[in-house]
Amino acid sequence: MLALLLLPALPAAAQGGAAPQSFVRVNQLGYLPDAPKVAVVCSLTPHEIDHFTVTDGAGRVVLGPLPARADRPFGPCAATHRLDFGALRRPGTYRIAAGDAVSPPVHVGEDVYRGAADTLLAYMREQRSGYNPLFRDSVHSRTDALLVDHPTRAGEHFPVVGGWADAADYLQYVTTSANATYVMLMGFRDHPRAFADRFDARGLPGGNGVPDVLDEARHGLEWLARMYPEDDLLLNQLGDDRDHSFPDLPVNDSSDYGWGRRGYRPVYPCTGKPQGLFAAKNRSTGYASTAGKFASAMALGARLLRDRDPAFADTLRRKALAAYALGKRLPGVCQTAPGRAPYFYEEDNWTDDMELAAAQLFALTRDPAYQREAVAFARREPVTPWMGADTARHYQWYPWHNNGHHEVWRGGTPAERREMAGFYRRGVEAVAGRADNGFRVGIPFIWCSNNLMASFATQAMLYREMTGDTSFREYEQAALDWLFGANPWGTSMVIGLPGEGISPKDPHSIVAKELGVRTQTGGMVDGPVYRSIYGN
Numbered sequence: 000m001l002a003l004l005l006l007p008a009l010p011a012a013a014q015g016g017a018a019p020q021s022f023v024r025v026n027q028l029g030y031l032p033d034a035p036k037v038a039v040v041c042s043l044t045p046h047e048i049d050h051f052t053v054t055d056g057a058g059r060v061v062l063g064p065l066p067a068r069a070d071r072p073f074g075p076c077a078a079t080h081r082l083d084f085g086a087l088r089r090p091g092t093y094r095i096a097a098g099d100a101v102s103p104p105v106h107v108g109e110d111v112y113r114g115a116a117d118t119l120l121a122y123m124r125e126q127r128s129g130y131n132p133l134f135r136d137s138v139h140s141r142t143d144a145l146l147v148d149h150p151t152r153a154g155e156h157f158p159v160v161g162g163w164a165d166a167a168d169y170l171q172y173v174t175t176s177a178n179a180t181y182v183m184l185m186g187f188r189d190h191p192r193a194f195a196d197r198f199d200a201r202g203l204p205g206g207n208g209v210p211d212v213l214d215e216a217r218h219g220l221e222w223l224a225r226m227y228p229e230d231d232l233l234l235n236q237l238g239d240d241r242d243h244s245f246p247d248l249p250v251n252d253s254s255d256y257g258w259g260r261r262g263y264r265p266v267y268p269c270t271g272k273p274q275g276l277f278a279a280k281n282r283s284t285g286y287a288s289t290a291g292k293f294a295s296a297m298a299l300g301a302r303l304l305r306d307r308d309p310a311f312a313d314t315l316r317r318k319a320l321a322a323y324a325l326g327k328r329l330p331g332v333c334q335t336a337p338g339r340a341p342y343f344y345e346e347d348n349w350t351d352d353m354e355l356a357a358a359q360l361f362a363l364t365r366d367p368a369y370q371r372e373a374v375a376f377a378r379r380e381p382v383t384p385w386m387g388a389d390t391a392r393h394y395q396w397y398p399w400h401n402n403g404h405h406e407v408w409r410g411g412t413p414a415e416r417r418e419m420a421g422f423y424r425r426g427v428e429a430v431a432g433r434a435d436n437g438f439r440v441g442i443p444f445i446w447c448s449n450n451l452m453a454s455f456a457t458q459a460m461l462y463r464e465m466t467g468d469t470s471f472r473e474y475e476q477a478a479l480d481w482l483f484g485a486n487p488w489g490t491s492m493v494i495g496l497p498g499e500g501i502s503p504k505d506p507h508s509i510v511a512k513e514l515g516v517r518t519q520t521g522g523m524v525d526g527p528v529y530r531s532i533y534g535n
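In numbering that gives the first Met the number 0, the protein residues as written are 0 to 535.
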């Protein structure tokens with residue numbers, strides 16, 4: 000995801016007077032009628048607020064006055080107050096007044112999230128390698144790729160064009176791409192009506208009879224298939240940090256990997272051991288973390304595409320089975336490879352990935368052995384380890400929440416369902432136990448903190464849907480609200496969402512700098528970090 004540091008800053012002086020000291024922060028997208036609704040007042044100085052009111056578009060008071068609940072300070076907020084307006088269920092647009100502070104427009108309705116999922120796909124299209132619809136040109140089509148770090152086949156050409164750039168640079172990783180592909184497929188499986196058909200398979204405007212999310216997921220599946228050309232050769236990543244030497248647009252990528260500027264890019268295989276062409280090495284121990292993610296995406300893709308394209312679905316099925324077998328044979332983590340700098344994705348867990356793969360293979364094949372293996376993997380890591388912690392290394396517990404427990408639950412016995420739901424509850428409880436602040440957030444503020452926030456909201460939602468237990472609904476909603484503006488800075492963490500709201504304007508992106516921030520619509524920024532991390 001794109002990087003953006005959000006640090007405390009004093010507001011500009013209000014017209015004709017002193018700078019405001021209190022701000023009402025809300026979810027700028029809005030609130031479903033039956034969902035919890037809490038705005039948060041952030042005051043830069045110690046401040047008391049007794050009550051609040053809600054008015055409609057005509058200025059009529061429709062709710063309140065109600066008590067403003069004082070809560071603990073948080074970050075730049077010397078005082079916080081929680082304004083619970085959950086009793087307001089009538090669709091409409093409102094404003095909340097608390098003391099001298101007035102909120103931005105507050106939307107309530109069944110349709111407040113309509114189109115949001117498709118907005119996120121806009122960023123995926125912009126990140127495409129191969130044919131890129133933003134540039135209407137090819138990206139890296141002539142340079143991908145030559146194999147490196149292989150004892151006998153180094154220098155061999157592999158046609159691995161496609162996929163997506165990782166973020167603001169142009170590296171491409173199987174581990175992140177497989178997860179992104181899986182999440183899109185899962186989103187379509189569980190919420191098919193959330194997605195429209197406004198773009199074709201190349202990402203150009205105009206429907207093609209296929210939901211856009213399936214077009215984008217297929218773009219990922221096709222690249223992943225190229226990155227697993229042989230049953231014993233799973234490729235790990237395209238490029239390394241030498242990519243950073245020449246910041247330019249992807250169609251003009253001037254990187255020099257030893258074959259001249261704008262020459263071939265290297266493709267690294269998974270090796271199952273510490274990897275890196277230069278002094279810096281990762282700490283890889285096996286294949287399973289990447290093989291498991293790969294198998295999960297392939298297996299779910301095979302199920303969802305078998306009626307649309309049986310031949311392609313058969314290819315996905317075969318590769319899913321082979322990748323899972325490879326992961327079982329070579330357990331351990333396959334981390335991304337550093338270049339000249341000691342920077343890589345330090346993933347330290349893999350049983351969650353193999354659990355998800357086994358659960359998906361059970362759903363695909365109905366072979367009960369896969370379900371038994373999925374349950375066994377689940378018991379090895381009941382809770383994703385960052386949950387309840389105050390720090391973690393970069394991508395240490397990727398992908399931040401374990402979809403495997405949900406998939407085991409879907410195909411499980413009553414006892415297995417109770418067990419998987421209990422695992423989710425333990426993680427949600429651990430985060431909620433740290434959320435003793437006005438914003439009700441309990442994640443560690445490390446790099447990619449917004450991903451942790453999104454993962455917590457997702458796990459809490461899945462737990463609620465699996466059990467009917469609403470005990471943690473307040474924390475689930477608070478995490479979602481945070482991402483769309485109910486945070487100390489009042490900004491959405493997703494570029495351009497909502498279109499009329501406040502969202503990041505200066506992400507770390509050469510495309511944004513040269514072509515405008517609107518090109519990055521749908522991208523979620525990294526989010527705030529501890530001051531100690533920023534200072535380092």
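In this text, a Cβ means the ideal position worked out from N, Cα and C, and glycines have one as well. As the structure is a computational prediction, the values presented were derived from the model and not from experiment.
- As computed with DSSP, residue 38 is found in a beta bridge with 82.
- Counting only residues of its own chain and dropping the five nearest sequence neighbours on each side, residue 230 has a CB closer than 6 Å to the CB of 321.
- Under the criterion of beta carbons closer than 8 Å, residue 337 and residue 349 do not qualify as touching, at roughly 19 Å.
- Taking all protein chains shown into account, residue 53 has 16 or more neighbouring C-beta atoms within 10 Å of its C-beta and is therefore buried.
- Residue nearest to residue 456 within the set 416, 334 and 402 is 402 (criterion: CA-CA distance).
- For residue 485, the closest of 19, 18 and 23 by C-alpha to C-alpha distance is 23.
- The straight-line gap separating the alpha-carbon atoms of residue 458 and residue 471 is approximately 11 Å.
- In the structure shown, the three-state DSSP call for residue 279 is coil.
- Counting C-beta pairs closer than 8 Å gives fewer than three between the segment 36–46 and the segment 114–124, which falls short of the contact rule.
- In the structure shown, residue 160 falls within a coil segment according to DSSP collapsed to helix, strand and coil.
- Non-local beta-carbon contacts of residue 476 in its own chain, meaning distances under 7 Å to residues more than five positions away in sequence, involve 34 and 35 in chain order.
- Residue 262 and residue 170 have their C-alpha atoms some 15 Å from each other.
- In this structure residue 410 is in contact with residue 370, their Cβ atoms being roughly 6 Å apart against a cut-off of 8 Å.
- With the rule of 3 Cβ pairs closer than 8 Å, the segment 343–357 counts as touching the segment 311–325.
- A distance of 8 Å or more separates the beta carbons of residue 464 and residue 394.
- In this model, residue 202 and residue 218 are separated by some 10 Å (Cα to Cα).
- Judged by DSSP secondary structure, residue 474 falls within the alpha helix (DSSP H) whose first and last residues are 472–482.
- Sequence-distant Cβ neighbours of residue 106 in its own chain, meaning closer than 6 Å and more than five residues away, are 29 and 92.
- Here the C-alpha atom of residue 529 lies approximately 46 Å from the C-alpha atom of residue 364.
- Around the beta carbon of residue 527, a 10 Å sphere encloses 16 or more other beta carbons of the protein chains shown; the residue is thus reported as buried.
- Here residue 180 is near residue 220, since their CB atoms are less than 8 Å apart.
- For residue 441, no alpha helix (DSSP H) run applies, since DSSP gives it neither H nor E.
- Looking at the DSSP output, residue 523 bridges to 493.
- Residue 421 holds the alpha-carbon nearest to the alpha-carbon of residue 461 among 449, 440 and 421.
- Here DSSP, grouped into helix, strand and coil, assigns residue 499 to coil.
- Secondary structure note for residue 534: its alpha helix (DSSP H) is the uninterrupted segment 530–534.
- Exposed is the label assigned to residue 64, since fewer than 16 other Cβ atoms lie within 10 Å of its Cβ.
- In the DSSP annotation of this structure, the continuous segment of the beta strand (DSSP E) that includes residue 93 starts and ends at 91–97.
- DSSP places residue 508 in no alpha helix (DSSP H); its state is neither H nor E.
- Taking the CA atoms as reference points, residue 287 sits about 31 Å from residue 479.
- Straight-line measurement puts the Cα of residue 117 at about 30 Å from the Cα of residue 343.
- Within the same chain, Cβ atoms closer than 8 Å to the Cβ of residue 200 are found at 207, 209, 214, 217 and 218, the five residues on either side in sequence being excluded.
- Annotated three-state conformation of residue 147 is coil, per DSSP.
- By the neighbour-count definition (other C-beta atoms within 10 Å, threshold 16), residue 192 is an exposed residue.
- Secondary structure in the segment 313–360: no beta strand (DSSP E) run of 3 residues or longer lies completely within the stretch.
- Annotation: the continuous beta strand (DSSP E) that includes residue 63 extends over 60–66.
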